[in-house]
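One structure is given here, and the rest of the page talks about it.
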Amino acid sequence: MAKVKSLADLKRMKDALQSKMDLREKSNDPEGLVQIKVAMATCGIASGAKEVMEFLIEETAKRGIRTVVTQTGCMGYCYAEPTIEVHLPGKEPIVFGDVNIKKADEIIEKYIKNGELVDGIIPVNYKTLD
899 MAKVKSLADL
909 KRMKDALQSK
919 MDLREKSNDP
929 EGLVQIKVAM
939 ATCGIASGAK
949 EVMEFLIEET
959 AKRGIRTVVT
969 QTGCMGYCYA
979 EPTIEVHLPG
989 KEPIVFGDVN
999 IKKADEIIEK
1009 YIKNGELVDG
1019 IIPVNYKTLD
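In the numbering used here, the protein residues as written are 899 to 1028.
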């Protein structure tokens, strides 16, 4: 355990523990939350996925949107990186490509908050078998 040398250190520790507790609490009912997966394979990271993921975590929290933002491996859309998958409760997941900070903001405001589709959707090219 790290030593606490200042009030700032204590605040950082509190924030880190709080975020772990939030994740634990949210994991009890993931179906009731907006789930966002950010593709963080090499091509995604090189295209800016890390910054997009940080933005999504911060902005959904600021706007009071109950979300779980996680990273995933390759989604197979290297040509469209950074890519994210957004799964609204009760709806099919949608994959968005070429997501930068501006596009992520538009996805939060229009799709997540209001259910409006936005440009950048990657069409599903497969069918799940039962």
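Positions of the beta carbon are idealized from the N, C-alpha and C atoms, including for glycine.
Taking the alpha carbon of residue i as the reference point, which residue from the options has its own alpha carbon closest?
{"i": "C976", "options": "A944, Q933, V984 and K903", "result": "A944"}
{"i": "N998", "options": "V950, I934, L1015 and Q916", "result": "V950"}
{"i": "I963", "options": "I1005, I982, V993 and K948", "result": "I1005"}
{"i": "I1041", "options": "M911, T958 and D913", "result": "Shown here, the chain extends from 899 to 1028; a query on residue 1041 therefore has no answer."}
{"i": "V966", "options": "K912, S904 and V932", "result": "V932"}
Strictly by DSSP, which residues pair up with residue i?
{"i": "F994", "result": "I982 and I1019"}
Counting only the same chain and skipping the five closest in sequence on each side, list residues whose C-beta sits under 6 Å from that of residue i.
{"i": "G946", "result": "P980"}
Check residue i in the structure and name its three-state DSSP category.
{"i": "K935", "result": "strand"}
{"i": "V902", "result": "coil"}
Residue i: beta carbon under 7 Å from a heavy atom of the ligand NAP?
{"i": "I1005", "result": "The ligand NAP is not part of the structure shown, which contains no ligands of any sort."}
Segment contact, 8 Å Cβ cut-off, at least three pairs: the segment 1013-1023 with the segment 959-971: no
The segment 983-993 in contact with the segment 938-952 per 3-pair CB rule at 8 Å: no
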